[in-house]
Structures are given as structure tokens and as C-alpha cells.
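*Asks:*
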Amino acid sequence: FPKLAWEVGGAVLAGHGARGTYYASGGLCGQVHDGLRQYDADDLEAAHDAGQEIGCHTFEHLSAAQCAGSRFLDSIARNRAFLATRLPGARIESFAFPYGHSAPLLQWRVASRFSSCRGVRAGLNGPVVEASLLRAVALASRQRHAYDIPALIEAAEAERRWLILFTHDVQERPSDWGCTPAELDAA
Numbered sequence: 008f009p010k011l012a013w014e015v016g017g018a019v020l021a022g023h024g025a026r027g028t029y030y031a032s033g034g035l036c037g038q039v040h041d042g043l044r045q046y047d048a049d050d051l052e053a054a055h056d057a058g059q060e061i062g063c064h065t066f067e068h069l070s071a072a073q074c075a076g077s078r079f080l081d082s083i084a085r086n087r088a089f090l091a092t093r094l095p096g097a098r099i100e101s102f103a104f105p106y107g108h109s110a111p112l113l114q115w116r117v118a119s120r121f122s123s124c125r126g127v128r129a130g131l132n133g134p135v136v137e138a139s140l141l142r143a144v145a146l147a148s149r150q151r152h153a154y155d156i157p158a159l160i161e162a163a164e165a166e167r168r169w170l171i172l173f174t175h176d177v178q179e180r181p182s183d184w185g186c187t188p189a190e191l192d193a194a
């Protein structure tokens, strides 16, 4: 996860008494990826200690659509081992497919390792929830006007559905996949 997702986004969530899930790719720890400084070991521990859920990606942030299934599954195992050494005793129960890419046969194999797996197909979850590929709506600058977030929240409440919102960096001038602090605060 980008460093600003924790440093800025975490503060916004805390201001509302809310928590999020931070999906960590071990190979990106302390690195720059897509022009964004990624989390470091201190950020990972701080987010976990603050009660945020730490979720799993692949170690190298691999796309399931662009590599062999065995390599993808090995990367997940490597990432879980990385997280286990950084957060001893932490329960890593959820997974997000990097880039939202999944492959049908691989999706089921990944789902057997986690209580839930998230994609990026927009929409509400329920009344029957497919935990192997949960729907999620992007709070992203490049899709700023694609979704009426307040209406989605109202629909989720009225229909007793589960709405997952996701973003990457949180900053005043976000990347295409990030949002501003005000947008996260409003959501």
C-alpha cells in the first residue's frame, strides 16, 4: 500500500473511528511503485497496531492474468511468510487481486486460502456474497464522477448489502488510483 494511504488516509479513518484494510505486497515494502512511495516496516506495524486489517497481495504485486498460476500462488505464499515475520501472530485473512485481475480457476484456489478475496468489479455485495471475488468501488481520481458514493452508501444500507470502497494513495494531488483527503472524508 502507498505510504500516504496510511499516513493521510489512516488519519482520516481514525477521525471517523473507522478502520480499513491495507493490502501489503512484501516486495514493495520501502520501494517506489508507479511513482508512489510504498509503506515501510514501521508503517505496516503502526497500521496493524492501530487496529487496521492487514491483507495480502502477491509478494511482487503480480497480475493473475499475466503469470502462470503456480507462480502466482508461490508469490502469495512468499507474501504470507513476509507478513508473518513482520507481524508475528497477526491473522492475515483477506486477499486483494493485484490490479483486480483474477483468473477463474485460480480464483478458487486463492479463495481456499483466505476468508475473502477482493476484486475491482464495481457494485454492492449481497444478498448472497461471493467471497472469492468481492465487488468493490474505487474512490479514484480518474473515476471521480463515475459513481455516486452517497447513493451507493444509501442503497447498501437500504438493501442490507455490503459496500467496499477502495483507494490507493490519499493526497491533495492523487494518482489516477488515489483520492484526496476530502473525498475519503466525505465517503
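Note that the numbering used here numbers the sequence shown so that position 126 is 133, with each residue one more than the last.
From the three backbone atoms N, C-alpha and C, an ideal C-beta is built for every residue, glycine too.
How would you write the range of the beta strand (DSSP E) that Ile61 sits in, first residue to last?
*Replies:* Run containing Ile61: 60-63, per the beta strand (DSSP E) assignment.
*Asks:* Using only alpha-carbon positions, find the residue among Ala71, Leu146, Ser119 that is nearest to Gly130.
*Replies:* Nearest C-alpha to Gly130: Leu146.
*Asks:* In the structure shown, what three-state DSSP assignment does Leu80 receive?
*Replies:* Helix at Leu80.
*Asks:* By Cβ distance below 7 angstroms, which residues in the same chain neighbour Leu20 in space, the five residues on each side in sequence not counted?
*Replies:* Closer than 7 angstroms at the Cβ level, and outside the excluded window around Leu20, lie Arg26, Gly27.
*Asks:* With a threshold of 16 other CB atoms inside 10 Å of the CB of Leu112, please say whether the residue is buried or exposed.
*Replies:* It counts as exposed.
*Asks:* Which one of Leu11, Arg151, Arg142 has the shortest CA to CA distance from Ala242?
*Replies:* In this structure the chain extends from 8 to 194, so residue 242 is not present and cannot be described.
*Asks:* Assuming Ala103 is part of the beta strand (DSSP E), what are its boundary residues?
*Replies:* Run containing Ala103: 101-103, per the beta strand (DSSP E) assignment.
*Asks:* Give the secondary structure of Ser123 by DSSP, where H, G and I count as helix, E and B as strand, and everything else as coil.
*Replies:* It is a strand residue.
*Asks:* Could you check what DSSP says for Trp115 in three-state terms: helix, strand or coil?
*Replies:* Helix.
*Asks:* Taking only the alpha-carbon atoms, compute the straight-line gap between Glu137 and Gly107 and give it to the nearest angstrom.
*Replies:* Each residue's alpha carbon lies about 15 angstroms from the other.
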